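If you count the sequence shown from 1, position 127 lands on 127 in my numbering, and the numbers rise without skipping.
Just so it is clear, CB atoms sit at the ideal spot from N, CA and C, and this is done for glycine as well.
A quick note: this is a predicted structure, and the numbers were derived from the prediction, not measured.
Below you'll find the structure, written out as structure tokens, and then a few comments.
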Amino acid sequence: MSADLKESYIEEIKRLADAGRLDEAALLGESAAGRYPQESVFLVQLGEARYGLRNWAGGIQVLLEARDREPASRIDSLLEEGYLQLSTEGAQLGDTRLQEANLLAGIQALPTSGKLYLELAKLYMKLDLLDQATPLLEKVKEISPSLKESAENLLARVDDAIKRREAVIVPIPPGSRSIRTSAVLDGGKEFTFIIDTGATYTTIPSTVAQELGYTLGAPHYSIATAAGIISVPMIRLQSLNLGGYSVHNLEVLVLPAELGPDVGLLGLNFLKHFKYGVDSARSEFRLERP
1 MSADLKESYI EEIKRLADAG RLDEAALLGE SAAGRYPQES VFLVQLGEAR YGLRNWAGGI
61 QVLLEARDRE PASRIDSLLE EGYLQLSTEG AQLGDTRLQE ANLLAGIQAL PTSGKLYLEL
121 AKLYMKLDLL DQATPLLEKV KEISPSLKES AENLLARVDD AIKRREAVIV PIPPGSRSIR
181 TSAVLDGGKE FTFIIDTGAT YTTIPSTVAQ ELGYTLGAPH YSIATAAGII SVPMIRLQSL
241 NLGGYSVHNL EVLVLPAELG PDVGLLGLNF LKHFKYGVDS ARSEFRLERP
């Protein structure tokens, strides 16, 4: 293949993109990338065309290939843009799990991107996962001088929120045989739990897991019920927040809806992250920072 032909491809793809004919630019970019498999320039042009079509994932895919062939700061900048755009789409959909997954994927691909660390820290602050946000903000200060002031401002807000946080107190009604409280799942859904210090795992009904958008795999965890031993699936909640005390990436057993009752159990895999206990004299359950 001649150098003139290669340059012709480059100019034609650029001309189509500049004219807003992005579908054609993408098709020609794919063709050129096939003809010149060792040339990163066509993969970059293809990635930019896909970005123009708002196909961020497709653009990222070919840009990662381009970077493998010829690392360049411009490619890293384009990749950063793509991961940030995917995160924004997740936020617009109200899907914080998708938002988090895209930011984590971006950080894995671009471990020196201060912007990606900063956006993930902001997401964790929104979810009240303050302990997870702090090391991310410290990382921003370390790797991105231009974002140092923003990170320090957010760290001050995190520190203030932690200092103002008091113990969560759950009243126990007279004669009650259970301790019930509300908690927030994945930053959005409020749900009622029974605090059960004898339960190893936290549980939720299958209807709630499906409402949150989780796909339930095959049952594989055995538990004892009044009806005998049953197998149930396990998922990982993005977060569970009780009065400002959050646990991230929490393993939760999903119980069949017909098993009842229509509440969850707040088990030791959540409680162990904090100080907790029952104050019999005050008829209350207390949860505090360790």
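Integer Cβ distance of residue i from residue j, believed to fall under 8 Å
i, j, result
"leucine 78", "glycine 58", "About 13 Å separates the two Cβ atoms, so there is no contact after all."
"aspartate 186", "threonine 88", "So it is not a contact: roughly 18 Å between Cβ atoms."
"alanine 199", "glycine 267", "4 Å"
"lysine 141", "alanine 151", "5 Å"
"tyrosine 9", "leucine 28", "7 Å"
"valine 247", "serine 239", "7 Å"
"threonine 197", "leucine 271", "7 Å"
"threonine 207", "alanine 257", "5 Å"
"glutamate 114", "leucine 147", "It is glycine, not glutamate, that sits at residue 114 in the sequence shown. That pair is a contact at about 5 Å."
Cβ-based burial, residue i [other Cβ within 10 Å; buried from 16]
i, result
"isoleucine 229", "exposed"
"threonine 202", "buried"
"threonine 215", "exposed"
"leucine 53", "exposed"
"proline 290", "exposed"
"tyrosine 221", "exposed"
"aspartate 18", "exposed"
"arginine 15", "exposed"
"proline 233", "buried"
"arginine 157", "exposed"
"threonine 100", "A quick correction: the sequence has glutamate, not threonine, at residue 100. Per the 10 Å Cβ criterion, buried."
"aspartate 159", "exposed"
"serine 182", "exposed"
"leucine 93", "exposed"
"aspartate 4", "exposed"
"proline 205", "buried"
"arginine 35", "exposed"
"alanine 325", "Outside the shown range of the chain (1 to 290) lies residue 325, about which nothing can therefore be said."
"arginine 50", "buried"
"glycine 106", "buried"
"alanine 227", "exposed"
Residue i - partner residues in DSSP beta bridges
i, result
"phenylalanine 42", "In the DSSP output, where bridge partners are listed per residue, phenylalanine 42 has none listed."
"arginine 286", "Ile169 and Gly277"
"tyrosine 245", "Leu242"
"alanine 224", "Ile229"
"serine 182", "Thr192"
"arginine 236", "Glu251"
"proline 205", "Leu255"
"leucine 266", "Ile195"
Cβ-based neighbour list, residue i, same chain, cut-off 6 Å, excluding 5 preceding and 5 following
i, result
"methionine 1", "Low confidence applies to methionine 1: its pLDDT is 45, below 50, so where it sits in the model is not reliable, and the reading given next is rough at best. No residues qualify anywhere along the chain."
"methionine 125", "Ala133"
"arginine 67", "Ile75"
"isoleucine 194", "Ser178, Arg180, Val263 and Leu265"
"leucine 154", "Leu137"
7 Å Cβ shell around residue i - same chain, five flanking residues per side excluded
i, result
"asparagine 102", "Tyr83, Leu86, Ser87 and Gly90"
"glutamate 288", "Ala167, Phe274 and Lys275"
"alanine 33", "Phe42, Leu43 and Leu46"
"arginine 69", "Gln38 and Ser40"
"serine 231", "Pro219, His220, Tyr221 and Ser222"
"leucine 129", "Ser239, Ser246 and His248"
Cutoff 8 Å; reference residue i; Cβ partners in own chain excluding five residues on either side
i, result
"glutamate 211", "Lys189"
"leucine 104", "Leu120"
**Prompt:** Does the segment 205 to 215 come within contact of the segment 265 to 285, defined as at least 3 CB pairs closer than 8 Å?
**Reply:** no
**Asked** Does the segment 166 to 182 come close enough to the segment 132 to 140 to have 3 or more Cβ pairs within less than 8 Å?
**Response** no
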